[in-house]
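Beneath this line is the structure, given in structure tokens, with notes to follow.
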Amino acid sequence: GNSVTQMEGPVTLSEEAFLTINCTYTATGYPSLFWYVQYPGEGLQLLLKATKADDKGSNKGFEATYRKETTSFHLEKGSVQVSDSAVYFCALSQNSGGSNYKLTFGKGTLLTVNP
Amino acid sequence: DVKVTQSSRYLVKRTGEKVFLECVQDMDHENMFWYRQDPGLGLRLIYFSYDVKMKEKGDIPEGYSVSREKKERFSLILESASTNQTSMYLCASRLTGSPYEQYFGPGTRLTVT
């Protein structure tokens, strides 16, 4: 079955530090990949996505590249802000077949950015 | 903007009570989902509905049921609440097709005492 593994947190950084959150996946076929963010007290919001190999998703200074050869989709940001403090979830969905509705999530990584 | 709303942000119920969690979306999405979120376990799919009156079990359906009588509304029902159902419940909706992302509501934190 499909699975997503992301680095365990919590991750604590100082403002303006470089961020990487690792995400690797196991899936049959060619999944679409997503990063969701959950700010304190809120639901999940889509941060970025990539639908095929070598695609780069980007939003709000965050980037992730779909690497099929390493089955990875690592999240990066060059300079984090206090407002980036949140839980980040990596997820995948299949692009075909009966289960193409389903998102498989990683367990989430808590990021805390200190001033 | 897509909006997914949930009937309560916080709910406290007693063991054995019947609990209804309501979710409404305003974008005419065919697919709707109920997840629970627990520390260290991430999000787990409880039930999914791909259209009105249609439903499928997710990964952890035991102890839950659902109802989808109208396209915009998806209800999660705990027939007899138990303490191990204390959790954050998240509703989501999505257009049919791939790779359309899911849009989430703000969540309901349910405590069963």
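So the sequence lines, in the order shown, correspond to chains A and B. As numbered in our numbering, residues 7 to 121 make up the first sequence, in order. As numbered in our numbering, residues 16 to 128 make up the second sequence, in order. Beta carbons are placed, not taken as given, at the ideal position from N, Cα and C, and that holds for glycine. Quick caveat: nothing in here was measured; it's all calculated off a predicted structure.
Among the options, nearest to residue i - alpha-carbon criterion
| i | options | result |
| --- | --- | --- |
| A/Y94 | A/F68, A/S38 and A/P121 | A/F68 |
| A/A56 | A/L50, A/K74 and A/V43 | A/K74 |
| A/G49 | B/V39, B/P121 and B/K70 | B/P121 |
| B/F48 | B/S95, B/L93 and B/V19 | B/V19 |
| B/E32 | B/K70, B/I92, B/G73 and B/T123 | B/I92 |
| A/D60 | A/S89, A/T77 and A/D90 | A/T77 |
Endpoints, the beta strand (DSSP E) within which residue i is located
| i | result |
| --- | --- |
| B/Q117 | B/Q117 -> no beta strand (DSSP E), and no H or E assigned at all. |
| A/Q44 | S38 to Q44 |
| B/R109 | S102 to R109 |
| B/Y79 | Looking at the DSSP string, B/Y79 is not in any beta strand (DSSP E), and its letter there is neither H nor E. |
| B/V70 | Looking at the sequence provided, one finds Lys at residue 70 of chain B rather than Val. Taken as a continuous stretch (DSSP letters only), the beta strand (DSSP E) holding B/K70 covers M69 to K72. |
| A/A23 | Careful: A/A23 lies outside any beta strand (DSSP E) and carries neither H nor E. |
| B/Q40 | V34 to Q40 |
| A/A70 | F68 to T71 |
| A/Y107 | Neither: A/Y107 is in no beta strand (DSSP E) and is coded neither H nor E. |
Bridge partner(s) assigned by DSSP for residue i
| i | result |
| --- | --- |
| B/R59 | B/R51 |
| A/N28 | Note: A/N28 sits in no beta bridge, so no partner. |
| A/V93 | A/Q44 and A/L116 |
| A/L54 | A/W41 |
| A/T11 | A/T30 |
Supposed close pair residue i, residue j - CB separation, criterion 8 Å
| i | j | result |
| --- | --- | --- |
| A/L19 | A/L98 | Not quite, the Cβ-Cβ distance comes to about 26 Å (not below 8 Å), so this is no contact. |
| A/L116 | A/V43 | Rounded, the Cβ-Cβ distance is 11 Å, inconsistent with contact. |
| A/N65 | A/L54 | 4 Å |
| A/C29 | A/Q51 | 17 Å between Cβ atoms; not a contact. |
Residues near residue i by beta carbon distance below 6 Å, same chain, minus five either side
| i | result |
| --- | --- |
| B/E37 | S22 and S90 |
| B/Q117 | A107 and R109 |
| A/A23 | V86 |
| A/T123 | Because chain A in this structure spans residues 7 to 121, residue 123 of chain A falls outside the shown range and cannot be described. |
| A/G63 | L54, K55, A56 and A70 |
Contacting residues, own chain, Cβ-Cβ under 8 Å from residue i (five flanking each side not counted)
| i | result |
| --- | --- |
| B/T98 | T30, V127 and T128 |
| A/T34 | N8 and Q100 |
Proximal residues to residue i (C-beta, below 7 Å), its chain only, five neighbours per side dropped
| i | result |
| --- | --- |
| B/T101 | L125, T126 and V127 |
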